[in-house]
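Enquirer: Line order of the protein sequences matches chains A and B.
Here the first sequence is numbered in our numbering, starting from 1 and rising by one per residue.
Here the second sequence is numbered in our numbering, starting from 1001 and rising by one per residue.
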Amino acid sequence: MPLAKYGVVLWLCLIIGVSIKCADDRLEDSNPSLQFYQPSHFPQAEYLFSNNPQTAGITEIGRRLFFDPILSRDSTISCENCHVPVSGFADPSHAFSHGIDQQFGSRNSPALSNLAWYSSFMWDGGIAHIETMPSAPITNPIEMDLALREAVLRLNRSTYYKSAFARHFGVDEIESQHMLKAMAQFMASLISDQSPYDAFLKGDKSVLNEEEKKGLNLFQTHCNQCHSGALTTDFSFKNNGLSDSVEDEGRGHITTLTVDLGKFKVPSLRNIEKTLPYMHNASLQTLEEVVEHYSSGIQAHPNLDPSLPIGGFQFSDDNKEALVAFLKSLTDEAYLQDHRLRNPW
Amino acid sequence: MAVALMSCDKDNNDNNNNPSTATTGKVLLEFDHHWNSTAVSIPHSTDFINGSGELVQFSTFRYYISNIELVDSEGNTWKEEESYHLLSLGTNAVLEIELDLVPTANYVGLRYTIGVDSLRNVSGAQTGALDPANTMFWTWNSGYIFLKAEGLETNTQKNFAYHIGGFRNGNRTNALQEISYDFAPSQAEVTPSATPLIHQMVNIKKLFDGAAMTLSIASSSNVVMPGQMAVDISRNYADMFELHHIHN
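(1) How is the beta strand (DSSP E) around Thr1077(B) delimited, first residue to last?
(2) Taking 7 Å as the CB-CB cut-off, is Arg149(A) touching chain B?
(3) Do we get a CB-CB distance below 7 Å when we pair Gly1227(B) with the residues of chain A?
(4) On the DSSP bridge list, what partners appear for Asp1182(B)?
(5) Using the beta-carbon of each residue, which ones in chain B are nearer than 7 Å to Thr258(A)?
(6) From Leu218(A) to Pro110(A), what distance separates their C-alpha atoms?
(7) Identify the contact partners of Ala1129(B) in chain A, using a Cβ-Cβ distance below 9 Å as the criterion.
(8) Mind pulling the alpha helix (DSSP H) runs of 4 or more residues that sit fully within the segment 238 to 262 of chain A?
(9) Kindly indicate the opening and closing residues of the beta strand (DSSP E) around Gly1025(B).
(10) Output yes if chain B places a C-beta closer than 7 Å to the C-beta of Val246(A); else output no.
(11) In whole angstroms, give me the CA-to-CA distance for Thr286(A) and Glu173(A).
(12) With a threshold of 8 Å, are at least 3 pairs of Cβ atoms found where one atom belongs to the segment 1221 to 1228 of chain B and the other to the segment 1051 to 1068 of chain B?
(13) How is the beta strand (DSSP E) around Ala182(A) delimited, first residue to last?
(14) Just to make sure I have the definition right: I need the residues of chain A whose C-beta is within less than 7 Å of the C-beta of Gly1165(B). Which are they?
(15) With distances taken Cα to Cα, identify the nearest neighbour of Asp338(A) among Gln314(A), Asp193(A), Gly170(A) and Ile58(A).
(16) Is the number of C-beta pairs between the segment 1162 to 1179 of chain B and the segment 1142 to 1153 of chain B that are closer than 8 Å three or more?
(17) Flag this pair as touching only if the segment 212 to 232 of chain A and the segment 248 to 257 of chain A have three or more C-beta atom pairs under 8 Å; answer yes or no.
(18) If you follow the alpha helix (DSSP H) that Thr59(A) is in, where does it begin and where does it stop?
(19) Can you grab the Cα-Cα spacing for the pair Ala1218(B) / Asp1209(B), in whole Å?
(20) I think Thr232(A) touches Lys274(A), with their Cβ atoms under 8 Å apart; what is that distance to the nearest whole Å?
(21) Against chain A, with Cβ distances strictly below 7 Å, would Val1263(B) count as a contact?
(22) Using beta-carbon positions only, say whether Ser135(A) and Ala128(A) come within less than 7 Å of one another.
(23) Taking C-alpha atoms, which residue in Trp1138(B), His1247(B), Ile1114(B) and Val1122(B) lies nearest to Tyr1084(B)?
(24) I'd like to confirm the pairing. Which residues does DSSP put opposite Ile1049(B) in its beta bridges?
(25) Compare the Cα-Cα distances from Asp145(A) to each of Leu336(A), Asn271(A) and Gly105(A) and report the closest residue.
(26) Nearest CA to the CA of Glu175(A): which residue from Leu1130(B), Gly1090(B) and Thr1077(B)?
(27) Candidates Phe42(A), Asn81(A) and Ser189(A): which alpha carbon is nearest Phe49(A)'s?
(28) Does Leu148(A) come out as helix, strand or coil in the three-state DSSP assignment?
(29) Could you check how far apart the C-beta atoms of Leu308(A) and Asn240(A) are, in whole angstroms? I think they sit under 8 Å.
(30) Spell out whether any CB of chain B is found under 7 Å from the CB atom of Thr331(A).
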């Protein structure tokens, strides 16, 4: 009798096994464990995890580091303080990046998504690689102000990190390289590819309403030269006429070239509805103000991008509304609500 | 005597005929730091006087030597693998780099770079000599600091900091400098049992008073980012290195 019972169970297992296999396939399609993947409508990613093969364990260490105040000198702030997941990993509550001891930087915290497609980071593109990216805010005296040597000492003193790095990297002694690679695995897995605009690009033309489509047409005429492709950026550095003088050297600080003064990275517009305030200097608070800038506010900066007319494009009120409507179709709720991208502590 | 000579010839022939069984040895590079004729170690009790009459007291003097290559008498080039070395001047004026697994040969030339090549500057998180925790890395403008000299002008009590690097945009910010020596008429004879010693003098005064410019602390006490000034200073310090002798 017990044997017969086991036989039934065995058969059930085999049947269920088949359906589990099917379920696995579906799960893989919806990317259940946080992991990098290449969306079909995106260009080829820049970061391909060479010398840093991705595992679930290492990605999880990276997530914990991202949300851990241990990486600030006084252990009060983590990356999350300026990169809030529900706000598209931007900081809606401060114009400028907000460091320890109530210090402020001079530029707005950028929104984070699709970082694996970038070959330079920060508004001025000064950072050349996703793995070295976190070392800037961690060590910056007006941000987290922690020397890498001290960060590594702290991780080696932590029971969690000590055993996690031993288990997933196979090392007795954590080095900065291990910390940075783990963070890169998490950061490169921040993929936003589920907005209505994504569905539209993949062929579902019905997902945008008439006003959004009108906005898209205007966007393609006036904005798309720089905010191009599925990532809505060509990764170049431009001046967009926020001011007629060089108040911040921007890209020019990195290249030392006069022609780069006052230029900043063309940001991705993904989740732009949620990533206020806008521009490197946080000078615009709403999408309406952003559109108004391009309509009537473009100033004659010496390095103004030639595709932008001084004085602006003079959009009609209807066109401004259509542009704002289109920009809201870049909101990716699945990304903003993804619990795998939240604070695990 | 005759037997010994024959034995030597036989060995040489074997090496030439069977390169796959070639043996290896070591080479020692010595960097002997001086201010003109005075040895420099850190800390040092006596100030050095630069060409601008300033009293120089160093607290830090560190630099990268990388991509070391040896050229043998046949014209073959041997390249050290993963060739990145951070030299930090401390209580000993002489710093050493030991090259291992160098094929047995007579070497007639040496090349290396002061700094870190552009590729490695943009290749992600590094370890060892290139660990960014060594504080020879600009986090905000990613790239290695090739040479870091810090200290005090004791007369005016003015601190100086020279963090020299930069690999972008051709010559405008590229501070990479290559050093190349022709050993002639000497050779460095590498065998499994003989480690030649290549002794170099490094005249730190050239940092201030070099081929490219006169650097004065009064007018430029802080050069801490890539740019034309950094390139000029790198040309100055490239002039520091001088082959003194080879000891076989």
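We treat Cβ as the ideally placed atom computed from N, Cα and C, and that holds for glycine.
Expert: In this structure, then:
(1) Thr1077(B) -> beta strand (DSSP E) spans Thr1077 to Lys1079.
(2) Look at Arg149(A): its C-beta is under 7 Å from a C-beta on chain B.
(3) Closer than 7 Å to some Cβ of chain A, the Cβ of Gly1227(B) qualifies, so yes.
(4) DSSP lists Gly1109(B) as partners of Asp1182(B).
(5) Neighbours of Thr258(A) on chain B: none; closest Cβ ~11 Å, over 7 Å.
(6) Cα to Cα, Leu218(A) sits roughly 25 Å from Pro110(A).
(7) Within chain A, no residue comes near Ala1129(B); the closest Cβ sits about 12 Å away, beyond 9 Å.
(8) Runs found: 251 to 255.
(9) Start and end: Thr1024 to Trp1035.
(10) False, the Cβ-Cβ gap to chain B never drops below 7 Å.
(11) Their backbone Cα atoms lie some 47 Å apart in a straight line.
(12) Verdict: no, contact absent.
(13) Not the beta strand (DSSP E): Ala182(A) falls in the alpha helix (DSSP H), residues Ser176 to Met187.
(14) Close partners of Gly1165(B) in chain A (Cβ separation under 7 Å) are lacking, with about 13 Å as the shortest Cβ gap.
(15) Answer by Cα proximity: Asp193(A).
(16) Touching, yes, given that three or more Cβ pairs across the two stretches are closer than 8 Å.
(17) Segments in contact, no.
(18) Residues Ala56 to Phe66.
(19) Rounded to whole angstroms, Ala1218(B) and Asp1209(B) show a C-alpha spacing of 14 Å.
(20) With a beta-carbon spacing of about 14 Å, Thr232(A) and Lys274(A) fall beyond the 8 Å limit used to define contacts.
(21) Examination of residue 1263(B) is not possible in this model, given that chain B is present from 1001 through 1248 alone.
(22) In this structure, Ala128(A) does not lie closer than 7 Å to Ser135(A) by Cβ.
(23) Ranking the options by Cα distance to Tyr1084(B), first place goes to Ile1114(B).
(24) Residue pairing by DSSP places Ile1049(B) opposite Leu1055(B) in a beta bridge.
(25) Taking only the C-alpha atoms, the option nearest Asp145(A) is Gly105(A).
(26) When the alpha-carbon of Glu175(A) is set against those of Leu1130(B), Gly1090(B) and Thr1077(B), the nearest one is in Leu1130(B).
(27) Per the Cα distances, Ser189(A).
(28) In the structure shown, Leu148(A) falls within a helical segment according to DSSP collapsed to helix, strand and coil.
(29) Rounded, the Cβ-Cβ distance is 6 Å, consistent with contact.
(30) Judged by the 7 Å Cβ criterion, Thr331(A) is not in contact with chain B.
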